[in-house]
Every structure is written in structure tokens, then in C-alpha cells.
Amino acid sequence: MNVLVTGGYGFIGSFIAERFFKENHNVFIIDNLLSGKKENIDFKHRSFIGDITDEKCESFFKSHSFDVVIHCAAQTSVQRSIEKPFEDSSTNILGLINMLNLSKKYGVKKFVFCSSAAVYGENMSLPLKEEEILDPVSPYGINKMNGELYCRKWEEMYGLSSIIFRFANVYGPRQHVSAESGVVSIYTTKFLRQESIAVFGTGEQTRDFIYVGDVAEAVYRGVISGLSGTYNVSNNTQTSIKGLIAALTKLKPQPSIEFIESKEGDIASSQLDNTRLKKDLDWVPKYSLEAGLKATVEHYGAIPAAEPVKERKSRSSLWGNHWMHLAENIVLFLMFYAMSVIVVPAVELIDFWIIYVLLVALIFGKTQSILSSFLAMAVHVNEAFGSGREIGSLFMDNALLATFTIYLLIGLIVSYVVDRRKIELLFTKDELASSQAQYSFLSSVYEETLGIKNELQQQILRSDNGIGQIYQATRSLDSLEPEALFSGSIHVLEQTLKAKHFALYSIAPNGFARLTAKSGDQLFMPKASLRIEEVTLIKKAVNEKQICFNDSLSSSEPFFVAPIVQQNQTVAMIVCYDVPFHQLTLSFKNLVDVVIRLISSALERSSSYIQEINHERYVEETTALKPAYFARILEQKQQAAESLHIPYTILHVKGEEHDKEKLQSIGTTLRTTDYFGFTEEGKLRIILSNTEAVDAALVVERLGKKCIDATVTEEELSYVG
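For the sequence shown, the UniProt record's numbering gives the first residue as 1, with consecutive numbering after it.
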């Protein structure tokens, strides 16, 4: 299967991805790497680095045909969801909707949603079952609850099969270590560093801890089982925070403990009932708390101490730049002031302050240019005061006012032009970065597509209709039971010959051929019985014991007939009624010959097997099947009815005692394609192959003439394809 894991580089997602890879599935990952690390995945996979809300995700879906989507990507901090509910909703709701919509659009067969115990809130009806009323107490829990609703509604409206897993407190290796991480990863790191541990509340609050490996196993089993619905994934055990610290103390020396006030949104106790998961998936957690903590401590002990998570630059950094520009402006002002004192007496024609205002406007922008205009004007005012002028006269001095106006206009105009150019440059850089990101994404898609194209080219050139393909297709011929081989032969023919209308007939000594299996197309209705002499191509193939093709393409004849020969006798034949025109090549003829040989070999092997176990399979000196073998034949008939739409009817032979003579009499009455035998309850049943209830009346009549009372069972209707 092609399995997409969102958040696949993260803590839980990486374990789930690894579990599927170990089972030889193709793994794909979407992750924005905010908390995940590429180092968590060390096996072959394909990925898209981006947010789950990104429109480019559609290209990733379009490039690959995903069978399963496992949605692990989420904002997982309860405290952060309280502080920034919009951010939490953007990831946990909008991202989920994007994944659901793309899954529906591109034909995903199964959607797995990783939910949380936070949806239950402060419910004290422990252990909590899946049917409990949901009452979350944080935006994180609310969004997880809404996410579950979206999954169920998408299944109702669009048929997208979904399974929801409510995780308890998951812990284990690879968990992101930060202030928002799980309590186990935080405490484990503190223990290893011998740093003080902060315990929120009294430490008596309980959690249901589950090891991440057990979670990955539950998700894997849920996907391959085909189940849908909601399941708790937990240990079904309460462990207090003090108990967790005590368990860690057995592995590492205990550091100092500090009890602080409880966090908003945290629940007092948690325990999830995992009974439904155990029953439906035959799953049990393998790791005890002690074993899981040991693996976790070993993981964190083997890696360097994690660096504190760097916060994004805050607005204070912007203010830092502002003050830096102000300081630089003042320094530049002092430099020009010094120059004005030294140079102006010698060269009076130069107005240094215009140059100063111009430089500040060019370098620092509008805000500093206005300040520089006032500083330059302040110098002129200071000179006026120094020459004995009064303040009132300054407002009447047109030359001074004109100078100030010129300074201000130069600063504003130049700074406006510069700021506009800077804004345009920023937009250009953003567009360039966006184009580069898009180019990088398209390049990765191209490289990946090119690799797949080359692989397909090699398959077409070297492996088309080759040994590997035929071997894979002919796995259906591994059975030793004739009935299973009949159905398997049809599947092999359809897969290898790329045609849809095949019929397998068994040949009786009286010159009639009886339909044993056919293609599953309900519109394809070959005759249940054929007289060999009536069809020229069939007669030729049976008599000559070789494959005969309809070279004249006569519409009244099948396309080809292939006899199954055992001990120089034609015991069965395969009839093909329709082949796509583009398949009519010499290679197709050769492939038909190879496939028929494989089927003949499988049927011959089955015949030898039946003869070898004759004494185990049949009641002594009769052809009546013993219960185990009769049940096996019945099951194979049911499968053929479902997949190939081949009907059959069951007769019940009345009476408590069935002697050898009676069984032998029944055997001689039935056709070679029919079976009879005993059920586990000791009842005698007859299976009439390719027979409706109406036709069964003839068999009942023939048996009645031999004083054998048989009736059609009420259950036969369920066995008609």
C-alpha cells in the first residue's frame, strides 16, 4: 500500500511510518519540521516539507496514489492552545479539513485520525469508554473533538472510511524536548541532567501512559484490519506523577523536586478503557511503564543534551533596531556638527546640514529623516541665539523658515522614495523566495516522477510478461484444493492475459463439458453445459490436445480454447470469449501457452494430492467427504459465489443413518463437479455446483428414485452469487 503519514518526522508519526515500512509498504510523509526531525526516519521514503494547510499538498496527493492517510500532524500543546487558540485551530482543524478533502478527491481508501484523551475533559467515570460524553476543557480538546466529527461526517457524506484513535499519554524515544513536551520526556531529560523537576499541583494527578511502540502497532493493525469507528489506545492503568518520578528514580538518581501551581486546562485524572481495541484488533500493550521508561532513558542518554528551543524574534528586536538607528543618527549628527565648526568658517558656500539630512533619509528612512531635520534646524536656532537674537524674531525670519522647510522636504521626499524602493524590494524578495520554493517543490516532483518513469520504462522493456510478473500473478495457483484452483485459474488468466471473459469447463466421458468456473463479470453468462461435438474449435482442441485459436475471428466461435491434459486425456478446458484487439500479438500467443502450462501443472499437482490423501479425505470406499474437507469445499464455493458469481445449491439428505451402499448410490448419481459429505454435526449435505434451486429439483427427483430423500436447504439462498 501507499501510506501517507502527516507529521511523519515527528514523535508518534515516525514510529507509525517505521512500522508500515517494516511490513514492506511504501511510506510518504508531509511535515513542516517545526517539531519533527528528518533524523527520525532512516529508511527509504518520499516526503513533502510543508504545512498541512499548504495548497501544494494537492500536488503531492496528485503525484502519488495514496491508499491510506494517517493524520498525525497537529499542534499538541494544551497550554499553547489556551494562549493561542487561533493558531491551534488553524493547524488542528483547517489542516485536517485539507487532508480530508484531498483524501476524498484522490480516492484514499482509509483515513486514520489521531485524536486525544483530551476530548473527555474532567469526566471522572474512570476508566473512560468510547461511548462517554465528550466535554473538553481546552481549545486543544475542543478541536480534537471537532476533528472526530469531521471524520465521521466525511465518512457519511463521501464514503471515506475512517478510524479514530484516542491516544492516552504517549511517551517514548524521539519525543520533542521543550517546555511544551510530554511530562515523560521533560522529566527524563531533567533526570539525566540532574536538574530540578517542576511538578504542577500536588503530583497526585494521574495519567494513563502508553508507550509509542504500542501505539504504532495499534494503528498498523487498525489499518490492515479494515475496521472503522473510534478506539481508545491506552494501558488502561492510572499512574500518578509521583509514581512516574518514583519509576524514573529506579533508573537514575532523583534530582530536587519543586511543586508549583497547576496549569490551566490540565485534568486531574485520566484512564482510558482499551477493552474494545483488545477485542476487535487482538491487540495488547507489550510495554510496561518500567520497560518503556527504560527504553526512553536509554534513548535520551545516548544523544547530546538538547538545546533549548529558540523562540522566534519578538517585537523587542524591532525596537532594538530602532534604538540602534537612533544612536547611529546621533553619531552622524555629531560628526557633521564637528565638520560644520571646522569647515564652514573656511568654505561658507557648503550647507553641510542638507548633506546630513540627505544621508540620514537615504540610510535610515522617514522617521530618522524627520529627526535629522529638527536636529539640523536646532543648530541654526542655536547659532541665532548665540548672535543675540530673540526667540520671537526667529519665527519672523523667512530665510530660517525656508531652510527648515527645505530640510524637511528633502528628508521626507528622499525617505519616501527610499522606503518605497525598500518595500518593492521586499515584495520582490518574497516573490523570489516563493518562486524558489515552488521551483524546488516542482523540481523534487520532477525528479521523483522521472525516477518512477525510468522504473516503469525498465519494467516495460525488460519485465513485461516476464517471469516475475507471471510468478506474482500465479500465486493463486498455490492451493492444492481443486475448487480453489478453479477460481485461482480464472484470476491468473485475467491478470496475465488482460482479458475479462474466461470459462473453465470440466470434461465428462459422455462428451459433455460442465462449467466449473468463470470470470466475475455478471453480464458474462457462458453456457452451464456444452456438447463438445457442437462447437468446432472446442472439438478440435479436445481431440488434438493443443491450444486452438480462432484465426478467422469468427463471431460464433470463442477466441481460443486451451485443453488441460492429464495422463494423455483431456480432463478440462479453458475457453476465452473476448480479448482486446491490441493484445492480439505473437507475444500474446506465447503468454497463453505459458499460463496454460502453469494451470495444467497446478491441476495435475492437485489431482495427485487428492489421490494421496484419499483415505483421509473420503469416507471409506465412498466419495463422501469427511467434515473437515466438506467444510473446506463449502467455504471455497462461497468465495467463488462472491467473487465470480457462480451459484450453487445445497441439498440436505434426510435420515440419521447413512450406510456405505447409500453413500455409493449418491456418488454415482451426482456429476463429477458436485460434492457431498458430512457436516461437523454429522448431517449429510450435497453441493450442486453451478446450479440454481430450480435445477436442483431434477437431482432431488433422481435421488428419490433410489429411495434417497433429499431436500433443498433453506440456507441455499445465501450461497447464490
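For glycine and all other residues, C-beta sits at the position ideal for the given N, C-alpha and C.
Check, Outcome
"DSSP state of R514 mapped onto helix, strand, coil", "strand"
"I646 in three-state terms, based on DSSP", "coil"
"Range covered by the alpha helix (DSSP H) that runs through E616", "N614 to R617"
"With 16 other Cβ atoms within 10 Å as the buried cut-off, status of W353", "buried"
"Span separating the alpha-carbon of Q457 from that of K129", "53 Å"
"Closest by C-alpha distance to F524, when choosing among A503, T536 and A216", "A503"
"Continuous beta strand (DSSP E) assignments of at least 3 residues falling wholly in the stretch 82 to 153", "110 to 116"
"Length of the line joining the Cα atoms of E424 and K144", "42 Å"
"Segment limits, beta strand (DSSP E) that includes M573", "Q569 to D578"
"Whole-number beta carbon distance between A710 and L634, since they are thought to touch under 8 Å", "The Cβ separation is near 17 Å, so there is no contact."
"Sub-7 Å separation of S89 and F167 beta-carbons", "no"
"Helix, strand or coil at S14 according to DSSP, with G and I counted as helix", "helix"
"Continuous beta strand (DSSP E) stretch holding R531: start and end", "S529 to R531"
"Local conformation of G451 per DSSP, three classes", "helix"
"Backbone CA spacing between T691 and S601 [nearest angstrom]", "28 Å"
"Spatially closest choice to Y9 from K22, F43, H25 and N2, by CA coordinates", "F43"
"Check whether L160 and S225 have beta carbons under 7 Å apart", "no"
"For T206, the residue or residues it bridges with in DSSP", "S240"
"CB-CB length for N232 against F209, believed under 8 Å", "Contact doesn't hold; Cβ gap of about 14 Å is too wide."
"Within 7 Å, strictly: CB atoms of L698 and T669", "no"
"C-alpha gap between Y416 and A433, whole angstroms", "25 Å"
"Which listed residue (L584, T516 and D674) has its alpha carbon closest to that of I646", "T516"
"Stretch-stretch touch, CB-based, cutoff 8 Å, three pairs: the stretch 106 to 121 with the stretch 58 to 78", "yes"
"Among G121, P558 and Q664, the one whose alpha carbon lies nearest that of I538", "P558"
"Contact belief for V212 with I12 at Cβ below 8 Å, rounded distance in angstroms", "6 Å"
"Cβ separation of D419 and G365, assumed to be a contact under 8 Å, to the nearest whole Å", "5 Å"
"With 16 other Cβ atoms within 10 Å as the buried cut-off, status of K62", "exposed"
"T206 vs S262 beta-carbon contact at 7 Å", "no"
"Beta-carbon gap between I257 and I197 smaller than 7 Å", "yes"
"I30, DSSP secondary structure in three states", "strand"
"First and last residue of the uninterrupted beta strand (DSSP E) at T623", "Unbroken run through T623: none, as it is neither H nor E."
"beta-carbon I532 near the ligand PLP non-hydrogen atom, thresh 6 Å", "What this structure holds is no ligand at all, so the ligand PLP is not there to describe."
"Rounded separation between E155 and S228 - CA only", "10 Å"
"Beta-carbon gap between S665 and G520 smaller than 7 Å", "no"
"At least 3 beta-carbon pairs within less than 8 Å: the stretch 24 to 32 vs the stretch 47 to 58", "yes"
"Same chain, Cβ closer than 7 Å to L289, five either side skipped, listed in chain order", "F209, T239 and A247"
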